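Visitor: Residue numbers (the numbering used here), protein chains in the order written: chain A, 1 to 190; chain B, 1 to 190.
Each residue gets a CB set at the ideal place from its N, CA and C atoms; glycine is no exception.
What you are looking at is a predicted structure, and each value in this text was computed from that prediction instead of being measured.
There's a structure below that I have some questions on.
Number of protein chains: 2
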Amino acid sequence: MAKKETDKREAILQASLEIFAENGFHSSPTSEISRRASVGTGTIYRYFESKDALIEALYEEIDGRLRPVTSEGIDLEAPVRENVLGIIGRIFRFLLANPHEFKFLEQYYFSPYGVAKKSSDKESSDRPIINILHRGVEQQIIKDLPSEILFGLCFGPVVFLARDQLYGYFELSNEMVEAVLESCWDSIKL
Amino acid sequence: MAKKETDKREAILQASLEIFAENGFHSSPTSEISRRASVGTGTIYRYFESKDALIEALYEEIDGRLRPVTSEGIDLEAPVRENVLGIIGRIFRFLLANPHEFKFLEQYYFSPYGVAKKSSDKESSDRPIINILHRGVEQQIIKDLPSEILFGLCFGPVVFLARDQLYGYFELSNEMVEAVLESCWDSIKL
DNA sequence: CATAATGGACTGAATGATCACTCCGAAGAG
DNA sequence: CTCTTCGGAGTGATCATTCAGTCCATTATG
Chain A
1 MAKKETDKRE
11 AILQASLEIF
21 AENGFHSSPT
31 SEISRRASVG
41 TGTIYRYFES
51 KDALIEALYE
61 EIDGRLRPVT
71 SEGIDLEAPV
81 RENVLGIIGR
91 IFRFLLANPH
101 EFKFLEQYYF
111 SPYGVAKKSS
121 DKESSDRPII
131 NILHRGVEQQ
141 IIKDLPSEIL
151 FGLCFGPVVF
161 LARDQLYGYF
171 ELSNEMVEAV
181 LESCWDSIKL
Chain B
1 MAKKETDKRE
11 AILQASLEIF
21 AENGFHSSPT
31 SEISRRASVG
41 TGTIYRYFES
51 KDALIEALYE
61 EIDGRLRPVT
71 SEGIDLEAPV
81 RENVLGIIGR
91 IFRFLLANPH
101 EFKFLEQYYF
111 SPYGVAKKSS
121 DKESSDRPII
131 NILHRGVEQQ
141 IIKDLPSEIL
151 FGLCFGPVVF
161 LARDQLYGYF
171 ELSNEMVEAV
181 LESCWDSIKL
């Protein structure tokens with residue numbers, strides 16, 4: 001029974017991820033979500049207080065899946081460069097491989113939800129990438145710029161190009177992904 | 001009379017720019033737009049066929065204002081580096097100085113409107129920046145990568161950081177703007 | 001065992017709110 | 001007085017959310 005309940009919750013999350021990614025939050029009626037999840041419309045409200053709460057829960061879900069992608073494979077003994085390229089690369093590949101998640105996150109960060117979230121997130125400073133960048137600056141391998149800027153130089157191109165690829169504007173070969181990562185490094189290295 | 005008609009059209013465009021930037025397309029009722037523009041709701045439909053048409057017209061407007069910012073001051077005799085930094089820098093500063101326009105454009109490019117637009121835009125290849133980048137590649141000053149990627153490397157950080165600044169996450173000093181531009185160049189130069 | 005009663009997960013039609021858009025009378029120009 | 005431009009209440013459509021009732025697994029009763 002507990003199993004079945006979980007199933008419905010999962011089905012609703014999965015269905016809304018797909019539909020939000022395809023149509024946007026505002027063009028995704030709860031009726032369509034419930035249809036794709038094969039549950040009654042009212043059932044959504046047994047698991048989530050409101051559509052907003054569903055969106056927040058979905059964000060937490062995806063963020064939870066992205067976090068390990070960021071941290072896995074970090075080796076503080078290894079050179080800064082390797083660590084930086086590793087992290088950016090894993091995120092880049094994750095975004096390219098998970099279009100629904102990418103589109104959802106983009107929408108989320110742009111919306112009032114994401115703005116509120118980011119403002120309240122002081123934890124952002126303990127993200128592994130920030131630490132690694134700091135170490136690079138200390139070792140005089142990376143430019144001495146505020147971490148927000150270094151962060152933007154790394155992830156700006158990644159997000160920009162992931163979007164181009166996912167909307168079908170062009171194709172990113174594996175080789176090109178590598179070239180982009182190298183270029184990001186060139187932009188922050190001393 | 002023609003003057004006054006123009007005034008109302010302008011008022012509607014200006015009001016919707018502000019409201020769209022603040023609330024997003026979907027949370028900007030025509031009633032609120034008309035109120036801020038000090039016209040009747042029906043008047044909007046005298047100047048624009050639909051809300052969608054209004055959004056498209058607004059995009060054309062802003063695109064028209066952005067285009068000269070891109071092209072002005074291009075000097076084909078000058079070094080590629082100067083031209084590239086000049087173009088990116090002018091766009092960066094334009095976005096920072098015009099938050100409403102920036103937020104509108106971001107929303108637009110994410111929405112079905114923008115996706116449709118970009119797909120049909122084969123003119124993108126004659127944007128001045130693309131030509132300059134080509135020249136750089138030919139002169140073996142810039143990496144030999146597809147122009148989409150070079151473009152992404154330049155504008156990814158600019159868009160990413162402009163957003164951070166406009167949502168108040170941190171402050172970009174003039175000095176920092178320069179540092180970002182230099183870094184973008186570092187990422188594409190050979 | 002068989003049968004009945006209970007509780008709570010589930011459903012989807014009904015509700016009320018919000019909008020885009022229309023339409024017709026009013027206001028203004030000539 | 002005619003013809004154009006406005007205004008904003010009204011209309012119909014679309015949604016998020018609710019709730020009265022269904023269904024079924026579990027437990028109680030004989």
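#1: Could you give the distance in angstroms between the alpha-carbon of residue 170(A) and the alpha-carbon of residue 132(B)?
#2: Give me the subset of the stretch 141-158 of chain A whose CB atoms are less than 8 Å from a CB atom of chain B, sorted by chain position.
#3: In its own chain, which residues sit with a C-beta less than 6 Å from the C-beta of residue 42(B), not counting the 5 before and 5 after it?
#4: Residues of the stretch 49-70 of chain B with a CB closer than 7 Å to any CB of chain A: list them in chain order, please.
#5: Using a threshold of 8 Å, state whether the C-beta atoms of residue 86(B) and residue 73(B) are closer than that.
#6: Taking residue 12(B) and residue 33(B) to be in contact with their CB atoms under 8 Å, please state how far apart those CB atoms are, rounded to whole angstroms.
#7: Whole angstroms is fine: what's the gap from residue 162(A)'s alpha carbon to residue 95(A)'s?
#8: By alpha-carbon positions, which one of 101(A), 143(A), 182(A), 167(A) ends up nearest to residue 118(B)?
#9: Out of 58(A), 15(A), 186(A), 179(A), point me to the one whose CA is closest to residue 114(A)'s CA.
#10: Checking 8 Å against the spacing of the C-beta atoms, do residue 120(B) and residue 183(A) come in under that value?
#11: With which residues is residue 142(B) paired in a DSSP beta bridge?
#12: List, in order along the chain, the chain A residues whose C-beta lies closer than 8 Å to that of residue 21(B)?
#13: Roughly how many whole angstroms lie between the Cα atoms of residue 173(A) and residue 134(A)?
#14: Is it buried or exposed for residue 21(A), if we count other Cβ within 10 angstroms and need 16 for buried?
#15: Ignore the nearest five residues each way along the sequence and tell me which others in residue 100(B)'s own chain have a CB closer than 7 Å to its CB.
#16: In whole angstroms, what is the alpha-carbon distance linking residue 138(A) and residue 91(A)?
#17: Is it the case that the Cβ atoms of residue 158(B) and residue 88(B) are separated by a distance below 8 Å?
#18: Within the 8 Å Cβ cut-off, does residue 180(A) reach chain B?
#19: Going along the chain, which residues of the stretch 18-48 of chain B sit with their C-beta nearer than 9 Å to a C-beta in chain A?
Guide: Quick answer:
#1: Against the first sequence, residue 170(A) aligns to sequence position 170. Against the second sequence, residue 132(B) aligns to sequence position 132. Answer to the nearest angstrom: the Cα atoms are 21 Å apart.
#2: 143, 145, 146, 148, 149, 152, 153, 155, 156, 157, 158
#3: Position 42 of the second sequence, counted from the first residue, corresponds to residue 42(B). There are no such residues.
#4: none
#5: On the second sequence, position 86 is the one that residue 86(B) refers to. On the second sequence, position 73 is the one that residue 73(B) refers to. Contact flag set, yes.
#6: For the purposes of this step, residue 12(B) is identified with residue 12 of the second sequence, where counting begins at 1. For the purposes of this step, residue 33(B) is identified with residue 33 of the second sequence, where counting begins at 1. Indeed they touch by this definition, with Cβ atoms about 7 Å apart.
#7: Along the first sequence, one-based indexing puts residue 162(A) at 162. Along the first sequence, one-based indexing puts residue 95(A) at 95. Residue 162(A) and residue 95(A): Cα-Cα distance of roughly 7 Å.
#8: The residue given as residue 118(B) occupies position 118 in the second sequence. When only C-alpha atoms are compared, the closest one is 167(A).
#9: The count along the first sequence starts at 1 and reaches residue 114(A) at position 114. Ranking 58(A), 15(A), 186(A), 179(A) by Cα distance to residue 114(A) puts 58(A) first.
#10: Here residue 120(B) corresponds to residue number 120 of the second sequence, with the count starting at 1. Here residue 183(A) corresponds to residue number 183 of the first sequence, with the count starting at 1. If you check the CB distance, residue 120(B) and residue 183(A) do not come in under 8 Å.
#11: The sequence position of residue 142(B) within the second sequence is 142, counting from 1. DSSP lists 189(B) as partners of residue 142(B).
#12: As a working note, residue 21(B) is residue 21 in the second sequence. Those within 8 Å of residue 21(B) in chain A number zero; the least Cβ separation is about 12 Å.
#13: As a position in the first sequence, residue 173(A) is number 173, starting the count at 1. As a position in the first sequence, residue 134(A) is number 134, starting the count at 1. Distance between the alpha carbons of residue 173(A) and residue 134(A) is about 31 Å.
#14: Numbered from its first residue, the first sequence carries residue 21(A) at position 21. By the 10 Å Cβ count, residue 21(A) comes out buried.
#15: Taking the first residue of the second sequence as 1, we reach residue 100(B) at position 100. Closer than 7 Å at the Cβ level, and outside the excluded window around residue 100(B), lie 17, 18, 21.
#16: Within the first sequence, numbered from 1, the residue matching residue 138(A) stands at position 138. Within the first sequence, numbered from 1, the residue matching residue 91(A) stands at position 91. Taking the straight line from one Cα to the other gives about 24 Å.
#17: On the second sequence, residue 158(B) is found 158 positions in, with the first residue counted as 1. On the second sequence, residue 88(B) is found 88 positions in, with the first residue counted as 1. A contact, by the Cβ cut-off of 8 Å.
#18: Within the first sequence, the letter at position 180 stands for residue 180(A). Closer than 8 Å: yes.
#19: 23, 24, 25, 26, 27
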